Each structure stands twice: as C-alpha cells, then as structure tokens.
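Residue numbers (the UniProt record's numbering): 1 to 284. Reviewing the structure listed below.
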Amino acid sequence: MTRKPTFLPWFIIPATLTATGLFFAMFAVMQFSVRAYIPGSLDVGGFTLANFNGLLKSIYADAFINTVMLSAKTAIFGLLMSYPLAYALVRTRTTWIKSTILIIAITPLFLGEVVRTYSWIIVLGNSGFLNSLLLALGIISTPVQFMFTQTGVVLALVHVTMPIMVLMLATALSHINPDYEKAAISLGAGPIRTLLTVTIPLSFPGIIASLTTAFAWTFSAFATPQLIGGGRVSTVATMVYQLGFSSMNFPFAAALSIAGLILTILLLMALKRMTRFLHTMGDH
Numbered sequence: 001m002t003r004k005p006t007f008l009p010w011f012i013i014p015a016t017l018t019a020t021g022l023f024f025a026m027f028a029v030m031q032f033s034v035r036a037y038i039p040g041s042l043d044v045g046g047f048t049l050a051n052f053n054g055l056l057k058s059i060y061a062d063a064f065i066n067t068v069m070l071s072a073k074t075a076i077f078g079l080l081m082s083y084p085l086a087y088a089l090v091r092t093r094t095t096w097i098k099s100t101i102l103i104i105a106i107t108p109l110f111l112g113e114v115v116r117t118y119s120w121i122i123v124l125g126n127s128g129f130l131n132s133l134l135l136a137l138g139i140i141s142t143p144v145q146f147m148f149t150q151t152g153v154v155l156a157l158v159h160v161t162m163p164i165m166v167l168m169l170a171t172a173l174s175h176i177n178p179d180y181e182k183a184a185i186s187l188g189a190g191p192i193r194t195l196l197t198v199t200i201p202l203s204f205p206g207i208i209a210s211l212t213t214a215f216a217w218t219f220s221a222f223a224t225p226q227l228i229g230g231g232r233v234s235t236v237a238t239m240v241y242q243l244g245f246s247s248m249n250f251p252f253a254a255a256l257s258i259a260g261l262i263l264t265i266l267l268l269m270a271l272k273r274m275t276r277f278l279h280t281m282g283d284h
C-alpha cells in the first residue's frame, strides 16, 4: 500500500486559499453589478438590471471594440516578434548567444508594468528616443505622434507580453525533434519551406497558447493604455477606472467588468473551437 506524500497538503492549501479569495472577490463584483447606483453616495441601492442595459450605449460598445482590436493586434505582432527570438533561443548551439537571448527575453519580467510604461513614454514622446533617431537619420522631417495613439499602446503592450510569449513558444519548439527538419531538408526543402511546412505546424500548440495568453492579458491591461493612451485610447479597463474612481459609479463599473470577462471567455472559447477545427483539418 502506497502512502500519500505528506507534503501534498502544503501545496494544495495555498492554491485553495487563493481560489477562495478570488471566488469571493468575483462574487462581490457580481453583486455590485446588479445594484442600483445612488449619485453622490458610496452606498448602493436595490436589485436592478439597468447597469447592463446601459452597456448598449455607443461609447461603451466602442470601448469593447477598441479593446478587442488592441488585444488582437498585440497578440499578432507579439507572435511575429517572439517567434524568431524563441526559435533562435532553442536552435542556437552557442551558449553565450543562448544566454544573451534568454536575458533579453525575460528582463522585462523583472520590471513593474508602470516602470516599463514610463520607459516607453520616454521612447515614444515627440522629443523621445524614437523620434530623435528618425529625425537624425533623415527618415522623417517632423516628429511622429506615437503618444496618445493606438499604435503607441500596441508597441508598449507587445513589449509587456513578449517575455511570456517567447517562453511559451520556446517550450513548444524544444519539443520538436530536429530530425523532422533534417528529413525535410534531405528531401529538397529549403530553410524557408522547412520552417513553413514543418516547424510552424508542429509548434502550433505553442502558437495558440501564446496568442491566447497575450490576448487575455492585454484585454485586462490598464496601466499601459491609460498612460500611453492618455485617455484617448478607450478600453474596457480604462472605462472601469473612470466610472469607478472618477464618477464613483461602482455598480456600472462592476457591470462593465463582468461584461468584459464574459466577452473574454466567449472569444477564448471561439479560439479553442477554431483550434480544434484546424487540428481536424490537419488530420485529414
């Protein structure tokens, strides 16, 4: 008769406590979302569904659309930037190159999101590093407006999500047997064709996992859209902040949060269905 490890509860108890705390926090947000707003007071009224009816206004619909587009752009551009870095990290045989790539990839994780965002403000400002470099090279004659635009927000968010995407993609690529690539090359496939027909399809689980993580992470991002966007790039998170801490309309802010969570779950479910469909097509 095998004995259960005595240390197992010490791993389960912290996870259980965390899950319990998250459950009660979500319950509090949900019960706030169906309570009436009392102007000028932090107290809430009785049961109502008016908060969810208010979400149909165009200003909030635009915030949802902007958030989805922002999350999709960040995930796609993050993948395009992260995949070559992950591929080089896994395939290079030189130790110092591998170490350098790994350090570059994970260094942003050691900085807080606010610190990274303020660094991007210095880079993207009209007199910042990027505009100064482009002006010095003669590529542009006047500074390009990166701040307070969706482009600037996407650039900063890609930097935030890249470390996790690189690690996920590197894990997927490390499980691919290099013999498959060698076999493709021996059959006459060039490096590009081998990459497109062998490596990328085999790393598809990592691609989906990284895209899903980046999308969900960006959907709830607040500091970067707020600071880089300057209030001009409307997202669900910034709208929740404005409603909760500027207007003190916590019931409506809670309803907006719940709607954003539901939309995220639905989009991730759709992505999962699409993944299954692609796997089915691949089997045939």
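In this text, a Cβ means the ideal position worked out from N, Cα and C, and glycines have one as well. In this text, all values refer to a predicted model and were calculated from it rather than measured experimentally.
Residues that DSSP places opposite residue i in a beta bridge
i	result
residue 44	37
Extent of the continuous alpha helix (DSSP H) run through residue i
i	result
residue 126	Unbroken run through residue 126: none, as it is neither H nor E.
residue 150	150-174
residue 79	58-91
residue 51	50-53
residue 216	204-219
residue 239	236-241
residue 186	178-186
residue 108	Element bounds for residue 108: n/a, residue is neither H nor E.
residue 192	191-194
Of the listed residues the options, nearest to residue i (C-alpha basis)
i	options	result
residue 221	263, 41 and 236	236
residue 172	179, 207, 238 and 15	207
residue 246	17, 28, 40 and 25	40
residue 175	243, 111 and 91	91
residue 36	30, 47, 29 and 27	47
residue 151	276, 136 and 230	230
Contacting residues, own chain, Cβ-Cβ under 8 Å from residue i (five flanking each side not counted)
i	result
residue 284	A caution first: residue 284 carries a pLDDT of 49, below 50, which makes its placement in the model too unreliable to give a value.
residue 187	none
residue 115	none
C-beta atoms of residue i and residue j nearer than 8 Å
i	j	result
residue 33	residue 255	yes
residue 157	residue 224	yes
residue 210	residue 269	no
residue 82	residue 162	yes
residue 160	residue 108	yes
residue 240	residue 257	yes
residue 80	residue 165	no
residue 218	residue 75	yes
residue 214	residue 89	no
residue 101	residue 85	yes
residue 181	residue 197	no
residue 212	residue 271	yes
residue 120	residue 13	no
Close beta carbons around residue i, own chain, < 6 Å, minus the five adjacent residues each side
i	result
residue 128	122
residue 134	140
residue 226	238
Closer than 7 Å: residue i CB and nearest the ligand ZN heavy atom
i	result
residue 38	In the structure shown, the ligand ZN is absent, as is every other ligand, since no ligand is present at all.
Cutoff 7 Å; reference residue i; Cβ partners in own chain excluding five residues on either side
i	result
residue 252	37, 51, 54 and 243
residue 322	Any answer about residue 322 is impossible in this case: the structure gives the chain only from 1 up to 284.
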